[in-house]
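To start, the structure under review is shown below, and the notes come after it.
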Amino acid sequence: MSIKSDQWIRKMAEEYKMIEPFEPVQIKKNGTEKLISYGTSSYGYDVRCADEFKIFTNVHSATVDPKNFDPDSFVDTKGDHCIIPPNAFALARTIEYFRIPRKILTICLGKSTYARCGIIVNVTPLEPEWEGHVTLEFSNTTNLPAKIYANEGVAQVIFLESDKECETSYKDRSGKYQGQRGVTLPKT
């Protein structure tokens, strides 16, 4: 396996529409306003958070059960930011829609700007031939409210290329999250 560079990412985004919308350079400002960076970096791509959020709530005293998930466990909100309560959790999605090539596996890691504030961004690997919006999981590990910004960088995707194609891709096995759009809740 090899880690892919910025030139490879640009080529794949342009030729195969691997990332849409795609930003070929790293963006750090909007005019004079500083942003949490997004776009192509040296060996990855910094994704942006969309403006739709699902914040966990215990209003209905539900049990979190991945096999029988209650969608009423969330409060939906939309806006230029999201406030996650202390020691709480929220879901969001990327602005970018991904189409992962058959020889590629991606790993997504949270940006240090958020990690240094006690906000953990978790994303499972994007498997070969998976496509969709990436559902982002945010954990506020602090005892203070935490702010997540929409339309700014939240995590970095690293692309790993194998020397041969996988035997069975995510698409081949009709993965349950294939083609997801919007914030997607757990499925079994």
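Whatever position you read off the sequence shown (first residue = 1), add 1373 for the working numbering. In this text, a Cβ means the ideal position worked out from N, Cα and C, and glycines have one as well.
Query raised in the report: Going by other Cβ atoms of all chains shown within 10 Å of its Cβ, with 16 needed for buried, is T1413 buried or exposed?
Result: Your numbering for residue 1413 matches position 40 in the sequence shown. It is buried - the Cβ of T1413 has at least 16 other Cβ atoms within 10 Å.
Query raised in the report: For I1473, which three-state DSSP category applies?
Result: What you label residue 1473 is simply residue 100 of the sequence shown in a count that begins at 1. Coil.
Query raised in the report: Between which two residues does the alpha helix (DSSP H) carrying R1546 extend?
Result: For the purposes of this step, residue 1546 is taken as residue 173 along the sequence shown, with counting starting at 1. Note, R1546: premise wrong, no alpha helix (DSSP H); not H, not E.
Query raised in the report: How many angstroms separate the CA atom of F1566 from the CA atom of V1556?
Result: Given a span of 1374 to 1561 for the chain in the structure shown, any question on residue 1566 remains unanswerable.
Query raised in the report: Is the CB-CB distance between R1475 and P1501 below 7 Å?
Result: For the purposes of this step, residue 1475 is taken as residue 102 along the sequence shown, with counting starting at 1. For the purposes of this step, residue 1501 is taken as residue 128 along the sequence shown, with counting starting at 1. Yes, these two residues count as a Cβ contact at 7 Å.
Requested in this report: Label Q1529 either buried or exposed according to how many other C-beta atoms from any shown protein chain fall within 10 Å of its C-beta, with 16 as the threshold for buried.
Outcome: As a first step, residue 1529 is located in the sequence shown; it is residue number 156 there, counting from the start. Q1529 should be labelled buried.
Query raised in the report: Can V1398 and T1467 be called in contact, C-beta distance under 7 Å?
Result: What you label residue 1398 is simply residue 25 of the sequence shown in a count that begins at 1. What you label residue 1467 is simply residue 94 of the sequence shown in a count that begins at 1. Their beta carbons are not under 7 Å apart, which means V1398 does not touch T1467 by this criterion.
Query raised in the report: If you drop the 5 nearest sequence neighbours on each side, which residues of the same chain put their C-beta closer than 8 Å to that of Q1551?
Result: Reading the sequence shown from its first residue, position 178 is the one you call residue 1551. For Q1551, where only same-chain residues beyond five positions count, the Cβ hits under 8 Å are W1503, E1504, G1505, Y1543 and K1544.
**Report entry** Which residues DSSP lists as bridging E1425, in chain order
**Finding:** The residue you call residue 1425 lines up with position 52 of the sequence shown. In DSSP, E1425 forms a bridge with K1451.
Query raised in the report: In terms of residue numbering, what span does the beta strand (DSSP E) encompassing Q1380 cover?
Result: One-based indexing of the sequence shown puts residue 1380 at position 7. Q1380 -> not in any beta strand (DSSP E); alpha helix (DSSP H) instead, spanning D1379 to Y1389.
Report task. Would you check if the segment 1508-1522 and the segment 1450-1458 touch, i.e. whether three or more CB-CB distances between them fall below 8 Å? Result -> yes
Query raised in the report: Roughly how many angstroms lie between the CA atoms of I1428 and T1508, to the nearest whole one?
Result: Here residue 1428 corresponds to residue number 55 of the sequence shown, with the count starting at 1. Here residue 1508 corresponds to residue number 135 of the sequence shown, with the count starting at 1. The straight-line gap from Cα to Cα measures roughly 13 Å.
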